[in-house]
Amino acid sequence: MHVLPCRNNITVSRSPVSFRVFRGAASVIAMGKIEWAMWANEQALASGLILLTGGIVGVAGQFRGWQFAAYAIAAGAFVCLLEYPRSKRTKGTSVERTGQYCFTVCVKSFGPLTRNYYVRAFLHAALSVPAGFLLATVLGCVCLGIASIIYLAAAIRGEHWEPILPKKEIARKPDDSMKNPPQNPPPRPPPETRRKRVDDLEGAGYDNPIPVGE
Amino acid sequence: MGNWIINHGLTSFILVVWMGINIFLFVWFYLFYDLGDDYYYTRHLLGSALAWARAPAAVLNFNCLLILLPVCRNLLSLLRGSFVCCGRTMRKQLDKNISFHKLVAYMIALMTAVHLIAHLLNVEWYNNSRRGVYDKLSTALSNLEDTDNTTYLNPIRKTDVDAQQTPTYLVFTTIAGLTGIIITLALILIITSSMEVIRRSYFEVFWYTHHLFVIFFIGLVFHGAGFIVRKQLTTDPPHNFTLCKDRIEEWGQIPECPLPKFGGGPAQTWWWVIGPMILYLCERLLRFIRNMQTVQYRKIVMHPSKVLEMQLVRHGFKMDVGQYIFLNCPAISQLEWHPFTMTSAPEEDFFSVHIRSAGDWTDRLIDIMQHLPEGAQGPKMGVDGPFGTASEDVFDYEVSMLVGAGIGITPFASILKSIWYKFKTSNPKLRTRKIYFYWLCRETHAFEWFADLLQVLEKEMEERGMGDFLTYKLYLTGWDQSHATHAWVHFDEETDVVTGLKQKTHYGRPVWDKEFEEVRQENPSSVVGTFLCGPAVLGKVLENKCAKFSDVDPRKTRFYFNKENF
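Chains as they are written, first to last, in the UniProt record's numbering: chain A, 1 to 214; chain B, 1 to 566.
The structure is reproduced here in structure tokens:
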């Protein structure tokens, strides 16, 4: 707030409290890395749609070699279904696509096949090959190829697909000891002294003769 | 309805004009290719797919012209400066630049899809006619070749390629085909990396991939240079298709029907995009020059809760309230520029930014500053700006409602400071009579520096007997029972327990209906500017409230909504 009279007076002032806070922040840097699989997923989904569109055009127009277009429809639809459920991010909030929950469950059921990004990279590379034989699906083929490369990069960096599932509410059960109402009327001594008193007659007088509750 | 026009009228008008031009271009070029006599023979081969390819191309030209303009931030700043005469409604439109950029991008994506599908059909139909699948006329037209006295119409010349692979061969061996594939790929990569989730979380991926636009524009300029879409040229004597289309055998034999000649239309795209491309180049050049200017550190302050304050000095730097700058730190990344709102007032002899740890870049900057020896200059810093946003207009309104949420209070630091200075010098520019300031945050801990500022301001105003000029309300949204109990216990004290300010902190979110009603009653005949720097959801709410509480009667209270862009 207060304008200092001297312009070149450079001061690096740190309060000791803030310095301690920052020691912790330095370790965060390594964590905020790029998750390439997120982009690969967007790219693959787009490729699926492009493949599907190209396939529909090829079949509808009865192009020469429309059988490849028919294949592209199937492959495009498959890629879309596989890629629709977005993976959970390793850090920060994960944003689901609209209504992806049931897709997540289906994709999750394939276990390591869908979890591993190496599998996806090779699957997409393989799926894209037949689409290269027809002009209508060439663009989809190249796009899927690029998605495959990005997935490969993600896999090499050790990323994997993780389902976004709603957090399970851990139902808190009351402890067993709480089931029965207290047997002794207050004031009560601490539990360890109470146990001893069962033996001696005087202490037994604290026990309630009539059961309370139910 | 009236309220709606006050707040959204011009925006909607601009969108209607833009959409109108798009529709006009589409229809005009569709009809041009669908009815034009020059294209009769071309249409005979291609059918309506010709018009379906050309109409989106025209719309694409127009939108590629527009797409670069909203991201020329220096140009927008210049325009804002020259629109001072035209009033704030006009200037406010310039704050929606990124929304417009996105809208134009959606249109480009849609039109690319239509253009692409139509051309897929075109290539297939050309291939069919070349191989004599259709009627005699199609085959005859396709057989025309480039010789001394004939020119081709069908671009498929080689027939010794496998019939199924001919379209692919054509596309990968012609300028138009190859550039088309490359720029479509560039566009797809740009789009997939601009999705909200990528842009917000992995800014670098978005930022670097977006630079494929260079390839996109180079490809776009050359895309039309292949002259593949061909029309009939006038010959001497003229070739009349109505007469000659059924006399193919006699072409070149009888004087009425000479062999028809064909040629490509001029490549038009570069006419459309060359202007914006030069403008954008100038923009980048200006940014580069600005980067070269040396920036001096005046003071580096570490605030608690991961907030770094940098006070900088650059020769010839002039700023206004609520403006932002782009910072580039070559020690972290040569190419990345990040926007920061300035927190200093124009009256001060330096400019400052408060940087909160929020990602890779900010974390590394803070880390570098941490390890600086006492009294040393910081790393080399490039500064581009300043760029203006709506809060410049704060002093133009008689009454201003300022709403800051979380880190969004930063521009208001500049405004409040500036008011403080203007008060001291009794600046006649200050039209404002009253300011309502709403500060919403989860925890005030990170903004202690701001509470300090408010405290000084409060004291100053009371000394001058202007206590009611600034009304501020603090809302703590992330509170729990212990906060409440704490406040309860200290209820009788004069200052607030959380901030140490005279105004007590509210717990929970503000009830906007109540707040707007209060402002309306206290200022029955004023123009109220509402300024928000915060999340988009809150923006929607406030925009609706502004419309709801505005009166169509110009003598009564009207609310105008302004939003900071990030």
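The C-beta atom is built at its ideal place from N, Cα and C for all residues, glycine as well.
The three-state reading of DSSP puts leucine 144 of chain B in coil, since its state is none of H, G, I, E or B. Taken through DSSP and simplified to helix, strand or coil, serine 99 of chain B comes out as helix. In the three-state reduction of the DSSP assignment, methionine 319 of chain B falls in the coil class, being assigned neither a helical nor a strand state. When Cβ pairs closer than 8 Å are counted between the two stretches, the segment 94-102 of chain A is seen not to touch the segment 68-77 of chain A, the count staying below three.
Interface annotation, isoleucine 149 of chain A: not in contact with chain B, CB-CB separation never under 8 Å.
For the segment 144-176 of chain B, the set of residues with a beta-carbon nearer than 7 Å to any beta-carbon of chain A comprises Ala163, Gln164, Pro167, Thr168 and Val171, in chain order. The C-beta of valine 197 of chain B comes closer than 8 Å to at least one C-beta of chain A.
The three-state reading of DSSP puts histidine 8 of chain B in helix, counting H, G and I together. For glycine 61 of chain A, the chain B residues whose C-beta falls within less than 7 Å of its own C-beta are Leu121 and Glu124, listed in chain order. For alanine 155 of chain A, no CB of chain B lies under 8 Å from its own CB, so it is not counted at the interface with that chain.
Under a criterion of Cβ atoms nearer than 8 Å, no residue of chain A is adjacent to tyrosine 33 of chain B; the nearest Cβ is some 19 Å distant.
Nearest to lysine 514 of chain B by alpha-carbon distance, out of B:Met111, B:Gly388, B:Pro373 and B:Leu542, is B:Leu542. The C-alpha of aspartate 396 of chain B lies about 49 Å from the C-alpha of histidine 223 of chain B. Here the alpha carbons of isoleucine 191 of chain B and threonine 137 of chain A stand approximately 19 Å from one another. Annotated as proximal: methionine 381 of chain B and leucine 327 of chain B, with beta-carbon spacing under 8 Å.
Secondary structure of glutamine 377 of chain B (DSSP, three-state): coil.
Within 9 Å of the CB of leucine 185 of chain B, the CB atoms of chain A belong to Leu139, Val142, Cys143 and Ile146, in sequence order along the chain.
For threonine 104 of chain A, the closest of A:Phe122, A:Ala155, A:Gly132 and A:Cys80 by C-alpha to C-alpha distance is A:Cys80.
Of B:Gln268, B:Tyr106 and B:Arg54, the smallest CA-CA separation from serine 194 of chain B is found for B:Tyr106. When the alpha-carbon of valine 161 of chain B is set against those of B:Ile98, B:Val104, B:Arg131 and B:Arg199, the nearest one is in B:Arg131. Valine 321 of chain B is positioned such that its CB atom lies closer than 8 Å to that of serine 418 of chain B. Between the alpha carbons of glutamine 296 of chain B and glutamine 377 of chain B lies a gap of roughly 8 Å. Exposure of lysine 33 of chain A is indicated by the presence of fewer than 16 other C-beta atoms within 10 angstroms of its C-beta.
Between aspartate 38 of chain B and glutamine 232 of chain B, the C-beta gap is smaller than 8 Å, which places the two residues in contact.
Isoleucine 56 of chain A and proline 237 of chain B have their C-alpha atoms roughly 45 Å apart.
If you draw a 10 Å sphere on the C-beta of serine 426 of chain B, you find fewer than 16 other C-beta atoms in it, and that means exposed. With fewer than three CB-CB distances shorter than 8 Å, the segment 71-79 of chain B does not count as touching the segment 13-31 of chain B. Chain B has no Cβ within less than 8 Å of the Cβ of tryptophan 161 of chain A. Among the residues of the segment 200-234 of chain B, those with a Cβ less than 7 Å away from any Cβ of chain A are Ser201, Tyr202, Glu204 and Val205, in the order of the chain. With fewer than 16 other Cβ atoms inside 10 Å of its own Cβ, arginine 431 of chain B counts as exposed. Rounded to the nearest angstrom, the gap between the Cα atoms of glutamate 196 of chain B and isoleucine 215 of chain B is 23 Å. Under the Cβ criterion of 8 Å, threonine 192 of chain B is counted among the residues facing chain A. When secondary structure is reduced to three states using DSSP, glutamate 309 of chain B falls in the strand class.
For threonine 530 of chain B, the number of other beta carbons within 10 angstroms of its own is at least 16, and it is reported as buried. For isoleucine 355 of chain B, there are no C-beta contacts with chain A under 9 Å, since the nearest C-beta of that chain is about 13 Å from it.
Sixteen is the threshold: when 16 or more other Cβ atoms of the shown chains lie within 10 Å of the Cβ of leucine 50 of chain B, as they do, the residue is buried.
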